[in-house]
Amino acid sequence: KAGVTQTPRYLIKTRGQQVTLSCSPISGHRSVSWYQQTPGQGLQFLFEYFSETQRNKGNFPGRFSGRQFSNSRSEMNVSTLELGDSALYLCASSFLRTSGSLYEQYFGPGTRLTVT
Amino acid sequence: QQQVKQSPQSLIVQKGGISIINCAYENTAFDYFPWYQQFPGKGPALLIAIRPDVSEKKEGRFTISFNKSAKQFSLHIMDSQPGDSATYFCAASMEETSGSRLTFGEGTQLTVNP
């Protein structure tokens, strides 16, 4: 099975611009979560989508948004970029199991966003 | 509020030695505790995970020890190899109530010297 794919892998944007990142989950996985990774704050949860509905949201400003499509692919959008938004954005997919962990998550390689 | 604290921040061990990384959590509602391994330029990869009804879980050279009363859990890497050099993250989630949302520790950079 192909793993989680994220596009683009690298992105350079200017302050004030907006950006859209894409995530394709593992086939059959219906849950997609997004995380931000920075040296200072570590790995922080952004939001989770399940069957096209946002099920959980982290403590990020409204400039961060996302959506999920019927094929489970997900996008996240950051509007009015700030320098502090420079980070590795990771997408993770999981499926609902009947035993053990309900949500065993598999991460993609991430999109490295640099805001100048 | 930091809910999962991880130590040490960095760790250097010799090849063949045992690497031990510790985590402590605050929220007793956490019900799933995975460990992730991350190499530079890659996303975190799930190593091993445990639920609070089990005190220990072993998979190959990796073992999780879990102490529910102390709200602590640790990762032991036996016979550490240079290829194990990576950053390790503990995490916790409340699967029953918060789905797949993971709260991560700060990470431990492990270096295994040959």
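Chains as they are written, first to last, in this note's numbering: chain L, 4 to 119; chain R, 888 to 1001.
Backbone N, C-alpha and C fix where the C-beta goes; we use that ideal spot for every residue, glycine too.
Open item on the list: So that I know if they touch, is there some Cβ in chain L lying closer than 8 Å to that of R/Gly947?
Closed with: Position 60 of the second sequence, counting from 1, holds the residue named residue 947 of chain R. No, R/Gly947 does not count as interfacial toward chain L.
- [ ] Report, in whole angstroms, the separation of the C-beta atoms of L/Asn62 and L/Glu51, which I expect to be a contact under 8 Å.
- [x] As a working note, residue 62 of chain L is residue 59 in the first sequence. As a working note, residue 51 of chain L is residue 48 in the first sequence. The Cβ separation is near 14 Å, so there is no contact.
Open item on the list: Need the endpoints of the beta strand (DSSP E) that L/Glu78 sits in, please.
Closed with: As a working mapping, residue 78 of chain L is identified with position 75 in the first sequence. Residues 77–81.
- [ ] Anything in chain L within Cβ reach of R/Lys929, meaning under 9 Å, just list it in chain order.
- [x] Position 42 of the second sequence, counted from the first residue, corresponds to residue 929 of chain R. The contact set of R/Lys929 on chain L, defined by CB atoms closer than 9 Å, consists of Phe110, Pro112, Gly113 in chain order.
Task: Cβ neighbours of R/Gln888 in the same chain (closer than 6 Å, five flanking residues each side left out) - done: The sequence position of residue 888 of chain R within the second sequence is 1, counting from 1. With a pLDDT of 46 at R/Gln888, under the threshold of 50, the modelled position of that residue is not reliable, and the figure given next carries that caveat. Correct list: empty, nothing qualifies.
Task: Alpha-carbon to alpha-carbon, R/Ser942 and L/Glu55 - done: Here residue 55 of chain L corresponds to residue number 52 of the first sequence, with the count starting at 1. Here residue 942 of chain R corresponds to residue number 55 of the second sequence, with the count starting at 1. When rounded, the separation of the alpha-carbon atoms in L/Glu55 and R/Ser942 is 37 Å.
Task: Buried versus exposed call for L/Thr117 [16 or more other C-beta atoms within 10 Å across all chains shown] - done: The sequence position of residue 117 of chain L within the first sequence is 114, counting from 1. Classified as exposed, L/Thr117 has fewer than 16 neighbouring CB atoms from the shown chains inside 10 Å of its CB.
Task: Residues of the stretch 964–997 of chain R whose Cβ lies closer than 9 Å to any Cβ of chain L, in chain order - done: Only Phe976, Ala978, Ser980, Glu982, Glu983, Ser985, Gly986, Ser987, Arg988, Leu989, Thr990, Phe991, Gly992, Glu993, Gly994 from the stretch 964–997 of chain R bring a Cβ to less than 9 Å from some Cβ of chain L.
Open item on the list: Helix, strand or coil for R/Pro969? Go by DSSP, reduced to three states.
Closed with: On the second sequence, position 82 is the one that residue 969 of chain R refers to. Here R/Pro969 sits in helix by DSSP.
Task: L/Gly87, DSSP secondary structure in three states - done: Here residue 87 of chain L corresponds to residue number 84 of the first sequence, with the count starting at 1. Note: L/Gly87 maps to helix in three-state DSSP.
Task: Rounded C-alpha distance that separates L/Gln71 from L/Thr119 - done: Position 68 of the first sequence, counted from the start, is the residue given in the question as residue 71 of chain L. Position 116 of the first sequence, counted from the start, is the residue given in the question as residue 119 of chain L. In a straight line, the C-alpha of L/Gln71 is about 28 Å away from that of L/Thr119.
TODO: Give the residues of chain R in contact with L/Gly45, contact being defined as C-beta atoms less than 7 Å apart.
DONE: Stepping through the first sequence from its first residue, residue 45 of chain L is reached at position 42. Within 7 Å Cβ-Cβ: Phe991, Glu993, Gly994.
Open item on the list: In whole angstroms, give me the CA-to-CA distance for R/Gln896 and L/Gln9.
Closed with: Within the second sequence, residue 896 of chain R is the residue found at index 9, counting from 1. Within the first sequence, residue 9 of chain L is the residue found at index 6, counting from 1. Taking the straight line from one Cα to the other gives about 29 Å.
Open item on the list: Considering only their Cβ atoms, is the gap separating R/Leu989 from L/Phe67 smaller than 8 Å?
Closed with: Here residue 67 of chain L corresponds to residue number 64 of the first sequence, with the count starting at 1. Here residue 989 of chain R corresponds to residue number 102 of the second sequence, with the count starting at 1. If you check the CB distance, L/Phe67 and R/Leu989 do not come in under 8 Å.
Open item on the list: For chain L, check one thing: does any of its Cβ atoms lie closer than 8 Å to the Cβ of R/Leu933?
Closed with: Walking along the second sequence from the start, residue 933 of chain R turns up at place 46. Cβ-Cβ to chain L under 8 Å: yes for R/Leu933.
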